[in-house]
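In full-length UniProt numbering, the protein residues as written are 1 to 389.
Cβ atoms here follow ideal geometry from the backbone N, Cα and C, with glycine treated the same way.
Some notes on the structure that comes next.
Written as structure tokens, this is what we have:
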């Protein structure tokens with residue numbers, strides 16, 4: 001089949017690779033003029049990338065955390081190469097402004113029309129394809145929170161004793177506080193190790209006025225919203241100039257991700273935008289890509305005449321899991337962002353007595369049953385079970 005993929009993010013590129021490996025002709029339409037850093041992935045999705053053979057492109061950039069450390073707030077391009085090597089055509093500066101699902105057509109801002117047997121829309125949070133599937137507007141829902149991202153070379157903080165562990169030990173550091181959290185982890189950049197900090201807090205209208213969803217700002221604005229937090233955060237921010245701000249949204253669950261024509265379907269954030277509190281947005285999109293690509297690459301579902309059955313199976317295998325993870329992510333926010341007080345003290349005392357992973361842990365990030373379900377998910381075992389391999 002000839003398949004059009006809208007969006008060259010992690011989910012879009014992964015599904016393009018899976019489809020190309022399955023023998024389909026794939027064209028990718030990307031609105032941006034160039035493709036740059038597009039995020040990090042967790043173990044449930046890295047398993048998929050290995051299966052697709054992408055590991056040889058990314059392994060030199062990988063880091064593996066040794067553990068998760070939770071602390072009190074006040075104290076404590078490569079996928080593109082893989083797709084191109086498999087014969088995928090990538091069209092940059094090609095923002096899709098209209099989709100005609102009955103004919104499998106995507107029309108760009110330059111009035112160029114691309115036809116395919118199927119259009120796979122990975123066009124993100126503000127997906128226009130989502131409205132086509134729904135037959136009505138399907139805008140994202142604001143969470144009332146915003147995020148700041150700070151990424152800088154780890155070497156920038158070298159020689160500062162209180163930050164030495166943070167920039168050398170590959171650990172996920174998680175600060176819990178009232179109405180906010182901070183997460184830090186190491187990344188392997190193209191030339192040197194990087195340290196990434198993600199701050200989440202209630203929306204500050206001074207930083208993100210109404211109508212503004214994303215902008216660049218300064219470390220001073222972050223500092224103002226996290227006054228009194230761990231002094232190490234203040235020290236780190238003293239070495240930062242520019243910070244990316246963005247407003248956090250989610251999506252209401254929908255009954256189907258596919259258009260009734262069976263020639264348009266959604267994956268990733270277009271289908272189920274995730275809040276960042278469990279860091280599963282990219283992973284869920286990659287899982288979608290593996291399942292959809294695997295189904296459409298199976299002889300039973302690899303022709304246009306079988307798209308109806310293929311998309312029905314895709315939704316059967318993905319809708320409930322994505323919805324469950326999205327809901328768990330929202331719940332995780334309330335656990336980590338409690339107001340200081342009796343419930344917070346009870347939580348912290350319990351965490352101190354139960355520092356490891358165990359069944360029934362009150363923190364979903366340390367509940368063995370949940371972690372096994374989340375990170376133990378194997379998309380290809382699921383495909384084998386349903387495709388009878």
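Those residues which DSSP pairs with residue i across a bridge
i	result
residue 201	146 and 180
residue 121	6 and 266
residue 464	No statement about residue 464 is possible, as the shown extent of the chain runs from 1 to 389 and does not include it.
residue 244	149 and 216
residue 98	107
residue 392	What the structure shows of the chain is the stretch from 1 to 389, and residue 392 is not part of that stretch, so it cannot be assessed.
residue 28	5 and 90
residue 141	250
C-beta contact flag for residue i and residue j at 8 Å
i	j	result
residue 363	residue 353	no
residue 11	residue 28	no
residue 94	residue 165	no
residue 293	residue 22	yes
residue 314	residue 286	no
residue 119	residue 307	no
residue 79	residue 33	no
residue 179	residue 337	yes
residue 157	residue 236	yes
residue 105	residue 283	no
residue 278	residue 332	yes
residue 325	residue 266	no
residue 305	residue 296	no
residue 20	residue 121	no
residue 96	residue 123	yes
residue 311	residue 258	yes
residue 379	residue 48	yes
residue 192	residue 155	yes
residue 152	residue 240	yes
residue 232	residue 339	no
Residue i - DSSP class collapsed to helix/strand/coil
i	result
residue 257	coil
residue 167	helix
residue 136	coil
residue 44	helix
residue 1	coil
residue 75	Note that residue 75 has pLDDT 47, beneath the 50 cutoff, so the model's placement of it is unreliable and the number below is only indicative. DSSP places residue 75 in coil when its eight states are reduced to three.
residue 227	coil
residue 208	coil
residue 392	Outside the modelled stretch of the chain, which goes from 1 to 389, sits residue 392, for which no answer is possible.
residue 277	helix
residue 291	helix
residue 52	coil
residue 193	strand
residue 251	coil
residue 239	coil
residue 174	strand
residue 284	helix
residue 428	For the chain, the structure presents residues 1 to 389; residue 428 sits outside this window and is missing.
residue 386	helix
residue 303	coil
residue 14	helix
Buried or exposed (CB count within 10 angstroms, at least 16 for buried), residue i
i	result
residue 145	buried
residue 369	exposed
residue 115	exposed
residue 142	exposed
residue 334	exposed
residue 101	buried
residue 322	buried
residue 372	exposed
residue 288	buried
residue 262	buried
residue 110	exposed
residue 8	buried
residue 26	buried
residue 356	exposed
residue 280	buried
residue 24	buried
residue 345	exposed
residue 360	exposed
residue 392	Limits of the chain in this structure are 1 at one end and 389 at the other, which puts residue 392 out of reach.
residue 75	Confidence at residue 75 is low in this model, with a pLDDT of 47, below 50, so the placement of that residue should be treated as unreliable; the coordinate-derived value is given next. By the neighbour-count rule (16 or more Cβ atoms within 10 Å), residue 75 is not buried but exposed.
residue 5	buried
residue 210	exposed
residue 253	exposed
Min CB distance residue i to chain D below 8 Å
i	result
residue 348	Here there is only one protein chain, and chain D is not present.
Exercise. Counting pairs of Cβ atoms below 8 Å between the stretch 234–245 and the stretch 214–221, do you hit three or more?
Worked result: yes
Problem set entry | Contact the stretch 256–274 vs the stretch 118–134: 3+ CB pairs below 8 Å | yes
Problem set entry | Any 3 or more C-beta pairs closer than 8 Å across the stretch 132–140 and the stretch 160–176 | Too few Cβ pairs lie closer than 8 Å, so no.
Exercise. So, do the stretch 148–163 and the stretch 195–204 have three or more beta carbon pairs nearer to each other than 8 Å?
Worked result: yes
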